[in-house]
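Numbering (full-length UniProt numbering), first residue to last: 1 to 548. Beneath this line is the structure, given in structure tokens, with notes to follow.
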Amino acid sequence: MSAILKKPTPTIKRGSGSAEHADQTEHKEVDILFDRFLEYKSITKGLISYYEDLARLETHTASEMVNIGGHLPVPLREGNQFLPEGGWQSILYDTREQTRAMADYHTTFAHTITHSVLHTLNHVKNDIKIFITDLENEPRALASEVGQHRVDSTRLLSQLAQGIAHSKSNPHAMTAKDDPVLIHRQVEAQLKAQLNFENSLTHMIIEYQKKAFELEKRVNTDIQTAVKDFEAARLQAQEATNKHWQTIHNGITQLDPEIEWNEYAQRSGHLIPESITMRDAAKIAFPGQNDETTKPIKAGFLERKKRYTKNYKEGFYVLTPSGYLHEHKSSDPAKHGEPELSIFLPNCSISAPAPEGSKTFKWHVEGSKSTSGGNQMGSLRKMKKTLHIGRKDIAFSFKARTYAEMTQWWELLQHPAKSSFTQATVRSSMPPGAAVSAVSDIGLDKTSPQSEAPPTVTRRVAESSSDGESGGSSEEEDAAHSHDELSTAPTTPSGLHHDHPHMSPDAVSEGLPVYKGGDHTEAAMANLKEKPEIHPVQDVPQLTVSTS
Numbered sequence: 001m002s003a004i005l006k007k008p009t010p011t012i013k014r015g016s017g018s019a020e021h022a023d024q025t026e027h028k029e030v031d032i033l034f035d036r037f038l039e040y041k042s043i044t045k046g047l048i049s050y051y052e053d054l055a056r057l058e059t060h061t062a063s064e065m066v067n068i069g070g071h072l073p074v075p076l077r078e079g080n081q082f083l084p085e086g087g088w089q090s091i092l093y094d095t096r097e098q099t100r101a102m103a104d105y106h107t108t109f110a111h112t113i114t115h116s117v118l119h120t121l122n123h124v125k126n127d128i129k130i131f132i133t134d135l136e137n138e139p140r141a142l143a144s145e146v147g148q149h150r151v152d153s154t155r156l157l158s159q160l161a162q163g164i165a166h167s168k169s170n171p172h173a174m175t176a177k178d179d180p181v182l183i184h185r186q187v188e189a190q191l192k193a194q195l196n197f198e199n200s201l202t203h204m205i206i207e208y209q210k211k212a213f214e215l216e217k218r219v220n221t222d223i224q225t226a227v228k229d230f231e232a233a234r235l236q237a238q239e240a241t242n243k244h245w246q247t248i249h250n251g252i253t254q255l256d257p258e259i260e261w262n263e264y265a266q267r268s269g270h271l272i273p274e275s276i277t278m279r280d281a282a283k284i285a286f287p288g289q290n291d292e293t294t295k296p297i298k299a300g301f302l303e304r305k306k307r308y309t310k311n312y313k314e315g316f317y318v319l320t321p322s323g324y325l326h327e328h329k330s331s332d333p334a335k336h337g338e339p340e341l342s343i344f345l346p347n348c349s350i351s352a353p354a355p356e357g358s359k360t361f362k363w364h365v366e367g368s369k370s371t372s373g374g375n376q377m378g379s380l381r382k383m384k385k386t387l388h389i390g391r392k393d394i395a396f397s398f399k400a401r402t403y404a405e406m407t408q409w410w411e412l413l414q415h416p417a418k419s420s421f422t423q424a425t426v427r428s429s430m431p432p433g434a435a436v437s438a439v440s441d442i443g444l445d446k447t448s449p450q451s452e453a454p455p456t457v458t459r460r461v462a463e464s465s466s467d468g469e470s471g472g473s474s475e476e477e478d479a480a481h482s483h484d485e486l487s488t489a490p491t492t493p494s495g496l497h498h499d500h501p502h503m504s505p506d507a508v509s510e511g512l513p514v515y516k517g518g519d520h521t522e523a524a525m526a527n528l529k530e531k532p533e534i535h536p537v538q539d540v541p542q543l544t545v546s547t548s
């Protein structure tokens with residue numbers, strides 16, 4: 001609490017001399033003058049430090065201004081694209097030079113502070129030091145002697161009083177040296193000597209007071225002169241730097257915004273004319289652009305699920321001549337160009353479609369072990385473990401919206417168009433949608449030296465067993481289709497085999513038995529005269545793209 005109530009120390013002291021030396025009557029005037037000019041010395045030292053720092057600041061500013069001017073990239077690295085004069089190159093050059101000129105003015109200003117202002121202040125400080133030394137040597141020494149005489153006078157006056165008292169009370173007991181007459185003479189001589197010293201001290205103090213007045217006036221005048229010199233140099237530097245700043249400002253703001261570009265456009269041969277005809281994507285031509293293997297056989301929306309699960313998932317499907325059925329998330333190729341799932345149909349068996357009048361229009365696709373070999377068997381085993389579908393390697397159910405749509409998809413899925421990538425080509429003279437050929441174990445000769453078949457199913461992201469297709473067996477899938485209800489692709493209806501160049505209409509096709517239910521696999525196999533001809537894959541030439 002006392003710390004809170006304590007009064008702060010005043011910044012400015014008032015009347016310190018008279019209060020501090022009130023008990024020193026013999027030479028308080030000398031001490032007051034001494035303390036006064038000690039403060040003047042402190043004032044001068046403070047001003048010297050102040051202006052020394054200002055000089056250092058100006059020197060540092062000059063150095064930084066030179067560095068700042070160095071940031072301007074003159075000449076430009078791409079100077080041939082800009083005007084040599086009257087443009088940005090000349091503006092940047094002038095700005096850098098104006099900045100360096102301002103740095104020179106800061107250097108000059110710092111030199112003025114050091115050699116004019118500080119020189120004057122140091123001279124003032126030396127004058128004060130000399131005066132303080134003289135004041136300490138002469139008046140204070142004389143004041144000490146006056147003090148000693150006053151002590152001696154006081155002692156003799158005390159002896160005189162005692163001698164007078166003894167003389168009146170017991171004159172016979174007095175000694176010769178205690179005779180008041182002798183003591184009186186000593187007192188008179190001492191007082192005269194004291195007065196002489198006091199008068200000399202007073203005269204000296206008066207002289208030093210005059211000197212102090214003249215010195216203080218000169219000190220104040222010299223300090224004011226130093227400050228005036230500083231202000232004159234500052235105004236001169238400020239006026240010069242303002243002119244340079246104004247020159248920089250005018251050079252940048254008065255530049256025509258179009259002059260550089262207009263000059264560049266006139267002498268540059270790298271600008272594209274605005275009247276140029278844009279290239280038309282419809283006119284682009286490149287090798288293989290219209291090849292039939294690049295055109296989808298069919299594309300549309302279907303629903304798919306794993307064979308023995310409940311939930312269907314809709315996707316956009318594309319059937320290609322290469323025998324692949326690609327599944328996309330949407331029909332936008334820019335957004336979902338990469339397929340989520342790709343099924344290689346030559347490795348699959350396709351069941352009969354649902355009959356007309358069914359509540360769902362679906363069919364099933366299953367992978368075939370016989371079409372897989374080597375490393376592919378390992379892939380299928382891995383897929384089998386992933387799908388959790390018992391002995392089935394690949395098993396999917398597809399559902400269309402209408403019977404006609406289902407029939408069209410089913411008929412097209414029977415025949416992968418690119419025969420060089422298929423394992424067999426089987427013709428059917430049956431009408432579309434009438435029945436399904438029950439054909440099994442048709443494919444490449446196991447002893448023939450052919451390359452391994454592509455994967456039956458290719459996924460972009462492996463499906464998790466806990467996805468939306470997981471679940472128990474649906475009511476529609478209570479019983480698994482028998483082998484007689486499945487046909488090995490490609491099994492093509494009679495109306496489709498003319499669409500592919502490898503399927504000539506003049507070729508003799510073998511009719512397949514009509515599926516009527518029951519076990520007719522042996523009859524279907526008996527009607528096949530021989531294994532289909534294998535068309536090896538030819539080397540594909542390197543293609544180049546040309547536009548018109």
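Even glycine gets a Cβ: it sits at the ideal position worked out from N, Cα and C.
Where does residue 325 fall in DSSP's three states?
-> The residue labelled residue 325 in the question sits at position 325 within the sequence shown. Of the three classes helix, strand and coil, the one that applies to residue 325 here is strand, per DSSP.
Using three-state DSSP, classify residue 298 as helix, strand or coil.
-> Indexing the sequence shown from 1 puts residue 298 at position 298. Residue state, collapsed to three classes: strand.
Entirely enclosed beta strand (DSSP E) segments - the stretch 120-203, minimum 3 residues = Not a single unbroken stretch of the beta strand (DSSP E) spanning 3 or more residues falls wholly within the stretch 120-203.
With C-beta atoms as the reference, is residue 248 less than 8 Å away from residue 95?
-> As a position in the sequence shown, residue 248 is number 248, starting the count at 1. As a position in the sequence shown, residue 95 is number 95, starting the count at 1. Note that the C-beta distance between residue 248 and residue 95 is below 8 Å.
Kindly give me the distance between the Cβ atoms of residue 323 and residue 344, rounded to whole angstroms, as I take these residues to be in contact under 8 Å.
-> Here residue 323 refers to the residue found at position 323 of the sequence shown. Here residue 344 refers to the residue found at position 344 of the sequence shown. Between residue 344 and residue 323 the Cβ distance is about 6 Å, and since that is below 8 Å, they are a contact.
Take residue 559 and list the residues in its own chain whose beta-carbon comes closer than 7 Å to its own, dropping the five residues that flank it on each side.
-> Past the edges of the chain, shown from 1 to 548, lies residue 559, and the structure says nothing about it.
Contact the stretch 198-211 vs the stretch 128-139: 3+ CB pairs below 8 Å | By the Cβ rule, the stretch 198-211 counts as touching the stretch 128-139, because three or more pairs are nearer than 8 Å.
Comparing alpha-carbon positions, which option in 167, 279, 315, 50 lies nearest residue 332?
-> Mapped onto the sequence shown, residue 332 falls at position 332. Among 167, 279, 315, 50, the Cα nearest to that of residue 332 is on 315.
Using the C-alpha atoms, what's the distance from residue 101 back to residue 261?
-> Taking the first residue of the sequence shown as 1, we reach residue 261 at position 261. Taking the first residue of the sequence shown as 1, we reach residue 101 at position 101. About 31 Å.
Mark residue 347 as exposed unless 16 or more other C-beta atoms lie within 10 angstroms of its C-beta, in which case mark it buried.
-> The count along the sequence shown starts at 1 and reaches residue 347 at position 347. That one is buried.
Output yes or no for whether 8 Å exceeds the beta carbon distance between residue 304 and residue 396.
-> As a position in the sequence shown, residue 304 is number 304, starting the count at 1. As a position in the sequence shown, residue 396 is number 396, starting the count at 1. For residue 304 and residue 396, yes; Cβs fall inside 8 Å.
Residue from 98, 46, 82, 61 with nearest C-alpha to residue 246 = Your numbering for residue 246 matches position 246 in the sequence shown. Selected option, being the one with the closest Cα: 98.
Segment contact flag, the stretch 223-236 with the stretch 112-119, C-beta cutoff 8 Å, min 3 pairs | yes
Report the rounded CA-to-CA distance for residue 93 versus residue 72, giving the unit in angstroms.
-> Translated into the one-based positions of the sequence shown, residue 93 becomes position 93. Translated into the one-based positions of the sequence shown, residue 72 becomes position 72. The alpha-carbon separation between residue 93 and residue 72 amounts to approximately 8 Å.
Runs of alpha helix (DSSP H) wholly within the stretch 237-310 (minimum 4 residues, chain order) = 259-267
Under a Cβ-count criterion, where at least 16 other Cβ atoms within 10 Å of its own Cβ denotes burial, should residue 58 be classed as buried or exposed?
-> For the purposes of this step, residue 58 is taken as residue 58 along the sequence shown, with counting starting at 1. If you draw a 10 Å sphere on the C-beta of residue 58, you find 16 or more other C-beta atoms in it, and that means buried.
The alpha helix (DSSP H) with residue 42 in it runs from where to where?
-> Numbered from 1 along the sequence shown, position 42 holds the residue referred to as residue 42. Its alpha helix (DSSP H) spans residues 28-69.
Mind reading off the beta-carbon distance from residue 132 to residue 34? Whole number of angstroms is fine, and I expect it under 8 Å.
-> As a working note, residue 132 is residue 132 in the sequence shown. As a working note, residue 34 is residue 34 in the sequence shown. Sure, about 7 Å apart at Cβ, within 8 Å.
Around the C-beta of residue 400, are 16 or more other C-beta atoms found within 10 angstroms, so that it is buried, or is it exposed?
-> For the purposes of this step, residue 400 is taken as residue 400 along the sequence shown, with counting starting at 1. A residue is called buried when at least 16 other Cβ atoms come within 10 angstroms of its Cβ; residue 400 meets this threshold and is buried.
Residue 330, DSSP secondary structure in three states = The residue labelled residue 330 in the question sits at position 330 within the sequence shown. In the structure shown, residue 330 sits in coil (DSSP, three-state: anything other than H, G, I, E or B).
Looking only at its own chain, which residues have a Cβ that is under 8 Å from the Cβ of residue 174, when we skip the five neighbours before and after it?
-> Looking up residue 174 in the sequence shown gives position 174. These residues qualify, in order along the chain: 163, 166, 167.
Cα-Cα separation, residue 308 to residue 363 | Within the sequence shown, the letter at position 308 stands for residue 308. Within the sequence shown, the letter at position 363 stands for residue 363. Whole-angstrom Cα-Cα distance: 13 Å.
Measure the C-alpha to C-alpha separation of residue 181 and residue 188 and round it to an integer number of angstroms.
-> For the purposes of this step, residue 181 is taken as residue 181 along the sequence shown, with counting starting at 1. For the purposes of this step, residue 188 is taken as residue 188 along the sequence shown, with counting starting at 1. Take the alpha-carbon of residue 181 and the one of residue 188: they are about 11 Å apart.
Nearest-angstrom beta carbon gap, residue 127 and residue 215 [assumed within contact, 8 Å] = Position 215 of the sequence shown, counting from 1, holds the residue named residue 215. Position 127 of the sequence shown, counting from 1, holds the residue named residue 127. With 8 Å as the limit, residue 215 and residue 127 qualify as a contact, their Cβ atoms being about 6 Å apart.
Thinking just about the alpha-carbon of each residue, which of 299, 63, 144, 86 is nearest to the one in residue 29?
-> For this step, residue 29 is matched to residue 29 along the sequence shown. Comparing Cα-Cα distances from residue 29 to each of 299, 63, 144, 86, the minimum goes to 144.
Between the beta-carbon of residue 297 and the beta-carbon of residue 320, is there less than 8 Å?
-> Working through the sequence shown from its first residue, we reach residue 297 at position 297. Working through the sequence shown from its first residue, we reach residue 320 at position 320. Closer than 8 Å, so yes.
What residues are listed by DSSP as bridge partners for residue 458?
-> In the sequence shown, counting from the first residue as 1, residue 458 sits at position 458. In the DSSP output, where bridge partners are listed per residue, residue 458 has 342.
Alpha carbon to alpha carbon, what distance is there between residue 50 and residue 111?
-> Taking the sequence shown and counting its residues from 1, the one referred to as residue 111 is at position 111. Taking the sequence shown and counting its residues from 1, the one referred to as residue 50 is at position 50. If you draw a straight line from the Cα of residue 111 to the Cα of residue 50, it comes to about 15 Å.
Who are the near neighbours of residue 74 in its chain, counting only those whose CB is closer than 8 Å to its CB and skipping five residues on each side?
-> Within the sequence shown, the letter at position 74 stands for residue 74. Cβ within range, chain order: 89, 92, 93, 96.
Out of 413, 177, 158, point me to the one whose CA is closest to residue 365's CA.
-> Taking the sequence shown and counting its residues from 1, the one referred to as residue 365 is at position 365. Among 413, 177, 158, the Cα nearest to that of residue 365 belongs to 413.
Buried versus exposed, by CB contacts within 10 Å (16 or more), residue 339 | Position 339 of the sequence shown, counted from the first residue, corresponds to residue 339. Buried is the call here.
By DSSP, does residue 313 sit in helix, in strand, or in coil?
-> Taking the first residue of the sequence shown as position 1, residue 313 is located at position 313. In the structure shown, residue 313 sits in a strand (DSSP, three-state: E or B).
Cβ pair residue 230, residue 113 closer than 8 Å = Looking up residue 230 in the sequence shown gives position 230. Looking up residue 113 in the sequence shown gives position 113. Cβ distance < 8 Å, so residue 230 and residue 113 count as in contact.
Using the Cα positions of residue 367 and residue 312, report the straight-line distance between them to the nearest angstrom.
-> By 1-based counting over the sequence shown, the position of residue 367 is 367. By 1-based counting over the sequence shown, the position of residue 312 is 312. The alpha-carbon atoms of residue 367 and residue 312 are separated by roughly 19 Å.
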